[in-house]
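A.B. asks:
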Amino acid sequence: MHNKSVAELSRELESGKISSVELTREFLDRIKAEDKLYNSFITVTEDQALADAKTADEQRAAGKASVWTGVPFAHKDIFCTNGVATTAGSKMLANFVPPYDATVTANFRAAGAVCLGKTNMDEFAMGSSNESSFFGSVTNPWGLSSGDKRVPGGSSGGSAAAIAARLVPAATATDTGGSIRQPAALCGITGLKPTYGRVSRYGMIAFASSLDQGGTMARTAEDNALMLNVMAGFDPKDSTSVDRAVPDYTATLNEPLKGLRVGLPKEYFSDQLSPAMEQQVRNAVKEYEKLGATVKEVSLPHAKLAIAAYYVIAPAEASANLSRFDGVRYGYRCENPQDLNDLYTRTRAEGFGDEVKRRILVGTYALSAGYFDAYYLKAQKVRRLIQQDFINAFKEVDVLMSPVSPSPAFVQGANTNDPVTMYLEDIFTIAVNLAGVPAMSVPAGFVDGLPVGLQIIGNYFEEARLLNAAHQFQQVTDWHQKLPQ
Amino acid sequence: MQWDIVIGLEIHVQLATKTKIFSGSSTAFGAEPNTQASAVDLAMPGTLPVPNEQAFRYAVMFGLAVNAEIGRRSVFDRKNYFYPDLPKGYQTTQLDHPIVGPGYVDIDLADGSTKRVRIHHAHLEEDAGKSLHEDFHGMTGIDLNRAGTPLIEVVTEPDMNSAEEAVAFAKKLHGLVSSLGICDGDMSQGSLRFDVNISLKPKGSNELGTRTETKNLNSFRFMEQAIAHEVERQMDILEDGGRIIQETRLYNGERGESRSMRSKEEANDYRYFPCPDLLPVVIDDDFIEGARKLLPELPDERKARFKEQYGLNDYDARLLSDDARMAAFFEETASHGKDAKLAANWVLGEFSARLNAEDKTVVQAPITGAQLGQLVARIADNTVSSSGAKKVFEALWSGSGDNADAVIEAQGLKQVSDTGALEAMVDEVLAGMPDQVAQYQEEGDPKKQKKMLGGFMGPLMKASKGQGNPKLFNEILVRKLGG
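From first to last, the protein sequence lines are chains A and Z.
Here the first sequence stands for residues 1 to 485, where the numbers follow this note's numbering.
Here the second sequence stands for residues 1001 to 1483, where the numbers follow this note's numbering.
1. Which of the residues in the region 213 to 243 of chain A, read from start to end, lie with their CB under 7 Å from any CB of chain Z?
2. Between alanine 316 of chain A and glycine 363 of chain A, which are expected to be in contact by the criterion C-beta below 8 Å, what is the C-beta distance as a whole number of angstroms?
3. Answer with buried or exposed for serine 137 of chain A, where buried requires no fewer than 16 other C-beta atoms within 10 angstroms of its C-beta.
4. Is there contact here, the region 1160 to 1176 of chain Z with the region 1046 to 1058 of chain Z, by at least three beta-carbon pairs under 8 Å?
5. For aspartate 238 of chain A, which residues from the same chain have a beta carbon less than 8 Å from its beta carbon, with the 5 sequence-adjacent residues on both sides left out?
6. Leaving out five residues before and five after serine 1178 of chain Z in sequence, what residues of the same chain have Cβ atoms less than 8 Å from its Cβ?
7. Using a Cβ-Cβ cut-off of 8 Å, state whether leucine 467 of chain A counts as contacting chain Z.
8. From the DSSP output, in three-state form, read off alanine 1389 of chain Z for me.
9. Are the C-beta atoms of serine 159 of chain A and some chain Z residue less than 8 Å apart?
10. State the CB to CB distance for the pair isoleucine 313 of chain A and arginine 198 of chain A, rounded to an integer number of angstroms; the pair is presumed to be in contact (CB under 8 Å).
11. Within 10 Å of its beta-carbon, does leucine 361 of chain A have 16 or more other beta-carbons around it, so buried, or fewer, so exposed?
12. State buried or exposed for leucine 1208 of chain Z, treating a residue as buried only when at least 16 other CB atoms are found within 10 Å of its CB.
13. Just tell me which of Z:Lys1264, Z:Ser1352 and Z:Lys1203 has its CA closest to the CA of methionine 1235 of chain Z.
14. Using a Cβ-Cβ cut-off of 7 Å (strictly less than) and excluding sequence neighbours within five positions of valine 1013 of chain Z, which residues of its own chain qualify?
15. Do glutamate 1239 of chain Z and threonine 1212 of chain Z come within 8 Å of each other at the CB atom, strictly closer than that value?
16. Express the C-alpha separation of valine 246 of chain A and alanine 276 of chain A in angstroms, rounding to a whole number.
17. Which value, in whole angstroms, describes the spacing of the CA atoms of glutamine 1411 of chain Z and glycine 1468 of chain Z?
18. Helix, strand or coil: which one does DSSP assign to arginine 1302 of chain Z?
19. Output, in chain order, the set of chain Z residues within a Cβ distance shorter than 8 Å of phenylalanine 96 of chain A.
20. Look up threonine 81 of chain A in the DSSP assignment and give the residues it is bridged to.
21. Does aspartate 1284 of chain Z come within less than 8 Å of chain A when only Cβ atoms are used?
22. Is it right to say glutamine 475 of chain A is buried, meaning 16 or more other beta carbons lie within 10 angstroms of its own, or is it exposed?
23. Tell whether a beta-carbon distance below 8 Å holds between aspartate 1041 of chain Z and glycine 1141 of chain Z.
24. Is the shortest distance between the beta-carbon of glycine 449 of chain A and the beta-carbons of chain Z less than 8 Å?
25. Using the beta-carbon count (16 or more within 10 Å), is arginine 1259 of chain Z buried or exposed?
26. Can you pull the chain Z neighbours of glycine 203 of chain A, defined as C-beta to C-beta under 8 Å?
27. Once the 5 residues before and after asparagine 415 of chain A are set aside, which same chain residues still bring their CB inside 7 Å of it?
28. Taking only runs that begin and end inside the region 1138 to 1181 of chain Z, name each unbroken alpha helix (DSSP H) of 4 or more residues, in chain order.
29. Checking contacts by CB at 8 Å: is threonine 347 of chain A closer than that to chain Z?
30. So if DSSP puts glycine 1008 of chain Z in a beta bridge, which residue, or which two residues, is it bridged to?
31. Can you list, in chain order, the residues of the region 1067 to 1085 of chain Z whose Cβ is nearer than 7 Å to any Cβ on chain A?
32. Would you identify the three-state DSSP class for lysine 149 of chain A, choosing helix, strand or coil?
33. Suppose the cutoff is 6 Å on Cβ atoms and the five residues either side in sequence are ignored; what does the same chain contact list for phenylalanine 1330 of chain Z look like?
34. Could you name each continuous alpha helix (DSSP H) segment of 4 residues or more that falls completely within the region 52 to 112 of chain A, going from the start of the chain to the end?
35. For chain Z, is any of its Cβ atoms less than 8 Å away from the one on glutamate 317 of chain A?
36. Are there 16 or more other CB atoms within 10 angstroms of the CB of aspartate 339 of chain A, so buried, or fewer, so exposed?
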């Protein structure tokens, strides 16, 4: 059963071939047996999951089931879960049990889905390799046969690795600069970052508020559509969420792609990209041509400025967002503080990891008197230029296609002492967050036995078009079905 | 040397919304610590602010009442600093795009002139919680009930030149926000808090001197004292050839002294930037017109009406109209009191003096306008003399009686106005004082005669056990002595 998709598992449950309790038990057993290798979960909520599964079975028996009733899945440990520890991968919140649900969490609860636990992540979603988690690195299920342990990407590396290893069929994730797409690509699964404002951020622990967006991870595009059906929508608790009708994302999966206008941003096929990676991406684009799409080269002239602008804006917002972790009300507090200043400095020095501290310092600097105009304001101007690049591009084409990451999964520890190289992991994904448009990562081949992702970028609120394009691709390719080892 | 005093004010006005500016928690004062603090107010991870529309409506009403431009695109910024009663580590406030732009307020001065004080702007922001340093033995208690209470911070231009003007403005503003119903006006609970910026310059100079800011004054009296104190402090320094340091000072009203809190060099870099959790709020014409319809009678309009409707003089009309609740108390008194001018005299006289003496606001008064009005009615219809009325007032205030008639009855304060009975008493008293009667009748100066009447009043009041109507006694005396 563990190789089946959400859509398939839902049908199995509906047919009565298996109960949710049995299914839940199977996945829990797999986590118990195999996750020692991957470390993809921070918390496994076995008892709660089995109780929820029992309830789901009763609901289904009573004829009150939705597609999700009784289907196991997991939450990235950035979504607050009422009564269950929510850590954001940080020592700062290692003991934090929220008394409330994130809106995303509540939505899955209402849909009857069975949460198996909370997946590992880079601390406060800051990282591209899942090596900054207080709860240890996550290992990518791919590439183990070579004897090296590789990163799953980040920050949603736990969710991606758990899905690739068949420990869950689907998991929530978040994407601030590529944190859904890059781990999805490195782990050979399918992930979607929706339009900014499409999914509520309430209860999703903030990294950079104007960039953070909750999204989906599963093996198939269809499962991503099923997840988005649960997650998308206006939330009165999040004033940046958008009040706009939510379509049934599964309804248009089978639309033909004939006439789809595909743009290839020339800036994303640069020398940053290895020829082997580029070949995989171009092969995927050829499949789209076979499906009836037309392809042309387009330009995102300010794309090269995206990383610089992002590493001002995201740390600036983070520096304020993370001020609440002060040891006063909840979370980690240093031992025996001597006075208020000692309480603050030691709590934060001991509670945050190096990468988080680095970004708080960068952000504090960028907002400081005398630097604000040169850094923060300039970065915001660049951001508007980047948004305009996408708006212009979508006047000519329906979707953009590009690589997701410059290289496949690298070996753990390879980039830990070189933050700038690590930041370049997101060179093809970051502009999308600055613009706020939706984008997917779809499995599109292998290089040296490691998965390669194709990025499909859409216009604002065109998630349905992206899912349709990804789904049609998955009808004629089987990259998303490949198993590690 | 002669000095010009230059004063600008910053006033924090707590808005009387039912819930907080960014969460659904209650704003009621006086609850058990931290019982009105939700996950949002505690800045729990992942929680987000949702703006309270009523706070915007109140701010727009304020803007309209001070003749200001309304900011059509209102932007929130984060002001970053660490303090235990600031849960998020930043205050959500407005820096460059406040909801209320430039406006003005006209104040009345004691010499009968008026002065225009310009408002620079007013912005919306959230209040912090409270740090409680007592009762925790070397530790600090944090109460977040107040955290997130909506405030408007009103910033004036440096248009005031004396403590009198500053206090007149403060009182006018207090009356304005109370009349609008956007603030409960209770200064003892911190509903209005004043920061005073003060500088001196040589008389007639066009160049402003270095200013200091005295923070968190929460009574008009402290404000007046603090200004006088700071003006004197600065004058001493300047006249000794020193220079003023730009700093924030705290005034201790009990001790009548101030101390430096922090200098400009020690000031925080607040690293303001637009709050990414809140989109700019667009205020459209409909919203503004909706707010305009909610504007009640404002103090200046009310003052004109009091003069017209009750025949009050300008001075009394202003004193009674500035504060909405004082005005309402007066109108209730007048409606029960039959004589509006007499009602005004009692409200501004005995009643206000008592409030001041006990440091109470009109809402804290132990008597109602109706109670005072009934007493005024009894004075007006001669049932009780003014000295008797003071005894009735005392009984009402202390709670030993709850309506004027009952007190008059119980204490036997009813005036005797039966002229037959009074004439008999006058005859009797005059018969017992033949020398004084003769003296009176021999006196040629009517002024001196008038004075001499007092000599008969004492024995008359005694004879009537204090219940004779003095006015009638007087009339009868003049008639009998003259005739």
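Note that the Cβ used here is the ideal one computed from N, Cα and C, for glycine as well.
Please read these numbers as outputs of a predicted model, since none were measured by experiment.
C.D. replies: If we stick to the structure as given:
1. Pro236, Lys237, Asp238, Ser239 and Thr240
2. 4 Å
3. buried
4. no
5. Thr103, Ser200, Arg201 and Tyr202
6. Asp1184, Gly1185, Asp1323, Ala1324 and Arg1325
7. no
8. helix
9. no
10. Going by Cβ atoms, the distance from isoleucine 313 of chain A to arginine 198 of chain A rounds to 20 Å, so no, they are not a contact pair.
11. exposed
12. exposed
13. Z:Lys1203
14. Leu1151, Ile1152, Val1154, Val1177, Cys1183 and Leu1192
15. no
16. 39 Å
17. 14 Å
18. helix
19. Pro1045
20. A:Val84
21. no
22. exposed
23. no
24. no
25. exposed
26. Gly1046 and Thr1047
27. Ser129, Thr421 and Met422
28. 1163 to 1180
29. no
30. Z:Asn1197
31. Arg1078, Asn1080, Phe1082 and Pro1084
32. coil
33. Leu1320 and Val1347
34. 103 to 111
35. yes
36. exposed
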